[in-house]
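If you use the numbering used here, the sequence shown corresponds to residues 49 to 284, in order.
Beta carbons: idealized from backbone N, C-alpha and C, even for Gly.
Just so it is clear, the structure is predicted and the values come from calculations on it, not from any experiment.
Read the structure below first, then the notes.
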Amino acid sequence: MSHVTRPQDPTFSSHQFIQLALDNQVLKFGEFVLKSGRISPYFFNAGLLATGEMLSLLARGYADALAEQISANNGDNEQELVIFGAAYKGIPFVAATAQALWLHHGINAKWGYNRKEAKTHGEGGNLVGADVTGKAVVLDDVITAGTAMREVVEILEQAGASVAGIIVALDRKEKGQAEHSAIQELAATLEVPVRALVDIDDLISYLADDHGAQNGQHKDATQLAKMQHYREQYGV
49 MSHVTRPQDP
59 TFSSHQFIQL
69 ALDNQVLKFG
79 EFVLKSGRIS
89 PYFFNAGLLA
99 TGEMLSLLAR
109 GYADALAEQI
119 SANNGDNEQE
129 LVIFGAAYKG
139 IPFVAATAQA
149 LWLHHGINAK
159 WGYNRKEAKT
169 HGEGGNLVGA
179 DVTGKAVVLD
189 DVITAGTAMR
199 EVVEILEQAG
209 ASVAGIIVAL
219 DRKEKGQAEH
229 SAIQELAATL
239 EVPVRALVDI
249 DDLISYLADD
259 HGAQNGQHKD
269 ATQLAKMQHY
279 REQYGV
């Protein structure tokens, strides 16, 4: 276990998040075949957000975005807010974010998540945590096609909740079969705000500004050109 000096009140920075993601292999540049068959010049694996530093920074980003949304709504129904994460990756996200909301913004939000398989004994059911009958904000890592998110929305609606927003860690800003991205389609269909902490433009800016100069593998003009080309070809 490594010991480092940490800031007393860390704030979210997209460039810091990108740097940490690269250092921890959460974000990789290269060539990756997506389910769509496209060859992507980068890949984001939220399953590797497995350090306290990474999770704390991500949770602070989610918490700041949530606090902004609540403020924009003049604090309306703050007590009804439930932060919801889909099993399994979403579980640590919502737990850490609820804590960050309380510590940094004084917002005592409830949180919960679903089980992959409904429990048939004890309390039963497929939901764990707070009672999700109010307004729910869903946290996710990346939305590609939007299929999994629509399933989460269905689970929440069946439980009596209404989705008040979606926050993702990374927005690829990538068109699907149509000219709109999955995030744009979800926002339009559900009529709720969908926000991202980091998007492909932030990744391109990171490469262009040479923030990875301390590590040669991050400093690559060819990689920057590939990212820009991919954005032009598939971006919205």
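Item                                                                                                                                                                               : Value
For the alpha helix (DSSP H) containing residue 118, name the first residue and the last one.                                                                                      : 100-120
What is the rounded straight-line gap between the Cα of residue 276 and the Cα of residue 181?                                                                                     : 43 angstroms
In chain order, what are the residue ranges of uninterrupted alpha helix (DSSP H) at least 4 long that sit wholly in the region 157-218?                                           : 195-206
Hey, out of 94, 146 and 96, whose CA is closest to residue 111's CA?                                                                                                               : 146
Relative to the C-alpha of residue 116, which candidate in 256, 282, 214 and 273 has its C-alpha closest?                                                                          : 214
Do three or more CB pairs link the region 185-200 to the region 129-147 at distances below 8 angstroms?                                                                            : yes
Just the Cα atoms here: how many angstroms apart are residue 243 and residue 197?                                                                                                  : 14 angstroms
Taking all protein chains shown into account, decide if residue 162 is buried (16 or more other Cβ within 10 angstroms of its Cβ) or exposed.                                      : buried
Who are the Cβ neighbours of residue 212 in its own chain at under 7 angstroms, not counting the five residues just before and after it?                                           : 183, 184, 185 and 240
Evaluate the contact criterion for the region 146-157 versus the region 195-209: three or more CB pairs, one atom per stretch, below 8 angstroms.                                  : no
To which residues of the same chain is residue 193 closer than 6 angstroms at the C-beta, ignoring the five residues directly before and after it?                                 : 230
Which of the three DSSP states, helix, strand or coil, is assigned to residue 243?                                                                                                 : strand
Please confirm whether residue 81 and residue 96 have their CB atoms less than 8 angstroms apart.                                                                                  : no
Which term fits residue 225, buried or exposed, when burial requires 16 or more other beta carbons within 10 angstroms of its beta carbon?                                         : exposed
Within 10 angstroms of its Cβ, does residue 86 collect 16 or more other Cβ (buried), or is it exposed?                                                                             : exposed
How many Å lie between residue 20 and residue 233 at the Cα?                                                                                                                       : For the chain, the structure presents residues 49 to 284; residue 20 sits outside this window and is missing.
How would you write the range of the alpha helix (DSSP H) that residue 87 sits in, first residue to last?                                                                          : From DSSP, residue 87 is part of no alpha helix (DSSP H) but of the beta strand (DSSP E) over 87-92.
Would you mind stating whether residue 103 and residue 69 have Cβ atoms separated by less than 8 angstroms?                                                                        : no
Assign residue 84 to one of two classes, buried (16 or more other C-beta atoms within 10 Å of its C-beta) or exposed (fewer than that).                                            : exposed
Does DSSP classify residue 130 as helix, strand or coil?                                                                                                                           : strand
Return the chain-ordered list of same chain residues with a C-beta closer than 7 angstroms to the C-beta of residue 256, the five sequence neighbours on each side being excluded. : 272
How would you write the range of the beta strand (DSSP E) that residue 25 sits in, first residue to last?                                                                          : As shown, the chain starts at 49 and ends at 284. That puts residue 25 outside it, with no answer to give.
Alpha helix (DSSP H) containing residue 270: first to last residue?                                                                                                                : 269-282
Run through DSSP, which three-state label would residue 233 get?                                                                                                                   : helix
In angstroms, rounded to a whole number, what distance separates the CA positions of residue 88 and residue 178?                                                                   : 38 angstroms
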